[in-house]
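>
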Amino acid sequence: GQQVMQIPQYQHVQEGEDFTTYCNSSTTLSNIQWYKQRPGGHPVFLIQLVKSGEVKKQKRLTFQFGEAKKNSSLHITATQTTDVGTYFCAGPGGVTDSWGKLQFGAGTQVVVTP
Amino acid sequence: KAGVTQTPRYLIKTRGQQVTLSCSPISGHRSVSWYQQTPGQGLQFLFEYFSETQRNKGNFPGRFSGRQFSNSRSEMNVSTLELGDSALYLCASSFRLAGGPHNEQFFGPGTRLTVL
């Protein structure tokens with residue numbers, strides 16, 4: 254079945270530095286979503302990418318969907334302490350009528366050092 | 310709009326017991342999905358309900374079940390609890406047209422279940 258893999262698992266970043274987390278799927282994805290979970294919190298939706306090669310920006314966050322729609326990345330510039338948390342990518346869990354079923358990657362846990 | 314609410318927030322049970330968790334979705338959201346989150350397995354899909362019908366099911370044993378009511382509120386039940394069922398159970402709701410895709414899922418705060 255479809256698997257969504259995410260690397261790195263952990264990311265220690267100095268405040269002000271940039272970093273990127275990557276998401277790879279074993280199959281082509283119709284779309285990919287990104288979520289952020291703060292420590293002790295619940296996942297919060299960040300963005301959804303649908304088109305091949307799509308790039309979307311949210312302030313310091315840049316999301317990209319690969320041309321083959323099998324990989325995605327999240328790049329954060331000038332990391333701040335508010336960026337602490339775990340970032341998950343998620344793809345549809347099936348083929349048809351599976352929109353309510355998300356297949357989550359393992360997440361990238363981000364720790365920011367002041 | 311009020312967010313997704315889950316009750317109870319914390320629960321301690323012993324092996325062999327059963328538990329029922331409740332989820333109230335955002336008003337107007339008819340799709341409710343349940344996820345189990347553990348440090349070892351991450352976020353795993355349990356099931357999705359839409360219009361009182363189970364639409365999708367994850368790879369969990371039959372001890373895990375759920376239902377959805379006409380007001381879209383949902384419950385999940387775990388019978389014969391095992392130590393490995395200790396986890397954060399998250400409910401997520403989304404707006405979904407029948408047969409169509411939906412956008413983001415809005416997660417509730419979760420129920421932290423500890424099985425002793």
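So the protein lines, in turn, are chains G and E. All the letters of the first sequence, read from the start, carry residue numbers 254 to 367 under the numbering used here. All the letters of the second sequence, read from the start, carry residue numbers 310 to 425 under the numbering used here. We put the beta carbon where it would ideally sit given N, CA and C, even for glycine.
For a test of the three-state rule: what should DSSP assign to glycine 349 of chain E, helix, strand or coil?
Taking the first residue of the second sequence as position 1, residue 349 of chain E is located at position 40. Looking at glycine 349 of chain E - three-state DSSP - the assignment turns out to be coil, as it is neither helix nor strand.
> Quick check: the Cα distance between glutamine 315 of chain E and serine 383 of chain E, rounded to an integer number of angstroms?
Numbered from its first residue, the second sequence carries residue 315 of chain E at position 6. Numbered from its first residue, the second sequence carries residue 383 of chain E at position 74. Each residue's Cα considered, the two are about 10 angstroms apart.
> Taking only beta-carbon atoms, is glycine 417 of chain E less than 8 angstroms away from chain G?
Residue 417 of chain E sits at position 108 when you count from the first residue of the second sequence. Interface residue, yes.
> Since lysine 323 of chain G is in the beta strand (DSSP E), which residue starts that stretch and which ends it?
Taking the first sequence and counting its residues from 1, the one referred to as residue 323 of chain G is at position 70. Lysine 323 of chain G -> no beta strand (DSSP E), and no H or E assigned at all.
> Does any CB atom of chain E fall closer than 8 angstroms to the CB of lysine 354 of chain G?
If you number the first sequence from 1, residue 354 of chain G lands on position 101. For lysine 354 of chain G, the answer is yes, since a Cβ of chain E falls inside 8 angstroms of its Cβ.
> Buried or exposed: glutamate 357 of chain E, going by 16 or more other Cβ atoms within 10 Å of its Cβ?
Taking the first residue of the second sequence as 1, we reach residue 357 of chain E at position 48. With 16 or more Cβ atoms within 10 Å of its Cβ, glutamate 357 of chain E is classed as buried.
> Could you give the distance in angstroms between the alpha-carbon of alanine 359 of chain G and the alpha-carbon of serine 336 of chain E?
Sequence index remark: in the first sequence, residue 359 of chain G carries index 106 (1-based). Sequence index remark: in the second sequence, residue 336 of chain E carries index 27 (1-based). Each residue's Cα considered, the two are about 30 angstroms apart.
> Using only CA atoms, which one of E/Pro317, E/Thr389 and E/Arg339 lies nearest to tyrosine 330 of chain E?
The sequence position of residue 330 of chain E within the second sequence is 21, counting from 1. In the sequence on display, residue 330 of chain E carries leucine and not tyrosine. When only C-alpha atoms are compared, the closest one is E/Pro317.
> Which residue from E/Leu392, E/Gly367, E/Ser360 and E/Leu320 puts its Cα closest to that of proline 334 of chain E?
In the second sequence, residue 334 of chain E corresponds to position 25, counting from 1. The option with the nearest alpha carbon to proline 334 of chain E is E/Ser360.
> Let's test the definition: count the other Cβ atoms within 10 Å of the Cβ of proline 345 of chain G and tell me whether it reaches 16, buried, or not, exposed.
One-based indexing of the first sequence puts residue 345 of chain G at position 92. By the neighbour-count rule (16 or more Cβ atoms within 10 Å), proline 345 of chain G is buried.
> Can you give me the C-alpha to C-alpha distance between valine 313 of chain E and serine 403 of chain E, rounded to a whole angstrom?
Here residue 313 of chain E corresponds to residue number 4 of the second sequence, with the count starting at 1. Here residue 403 of chain E corresponds to residue number 94 of the second sequence, with the count starting at 1. Roughly 10 angstroms between the two C-alpha positions.
> Which bits of chain E does glutamine 286 of chain G rub up against, with CB to CB less than 7 angstroms?
By 1-based counting over the first sequence, the position of residue 286 of chain G is 33. Under the 7 angstroms cutoff, chain E gives Glu413.
> Assuming proline 296 of chain G is part of the beta strand (DSSP E), what are its boundary residues?
Walking along the first sequence from the start, residue 296 of chain G turns up at place 43. Looking at the DSSP string, proline 296 of chain G is not in any beta strand (DSSP E), and its letter there is neither H nor E.
> Starting from leucine 399 of chain E, find everything on chain G with Cβ-Cβ shorter than 9 angstroms and list it in chain order.
Residue numbering aside, residue 399 of chain E sits at position 90 when the second sequence is read from its first letter. Chain G residues near leucine 399 of chain E: His295 and Pro296.
> Which chain E residues are close to phenylalanine 341 of chain G, counting only those with a beta carbon under 7 angstroms from its beta carbon?
Reading the first sequence from its first residue, position 88 is the one you call residue 341 of chain G. Within 7 angstroms Cβ-Cβ: Leu352.
> Output, in sequence order along the chain, the residues in the segment 301-324 of chain G whose CB is closer than 9 angstroms to any CB in chain E.
The residues in question are Gln301.
> Should glycine 338 of chain G be flagged as near chain E, meaning a C-beta pair shorter than 8 angstroms?
Counted from its first residue, the first sequence places residue 338 of chain G at position 85. Not closer than 8 angstroms to any Cβ of chain E, the Cβ of glycine 338 of chain G fails to qualify, so no.
> What does glutamate 357 of chain E reach in chain G if we use C-beta pairs closer than 8 angstroms?
Numbered from 1 along the second sequence, position 48 holds the residue referred to as residue 357 of chain E. Correct list: Gly353 and Lys354.
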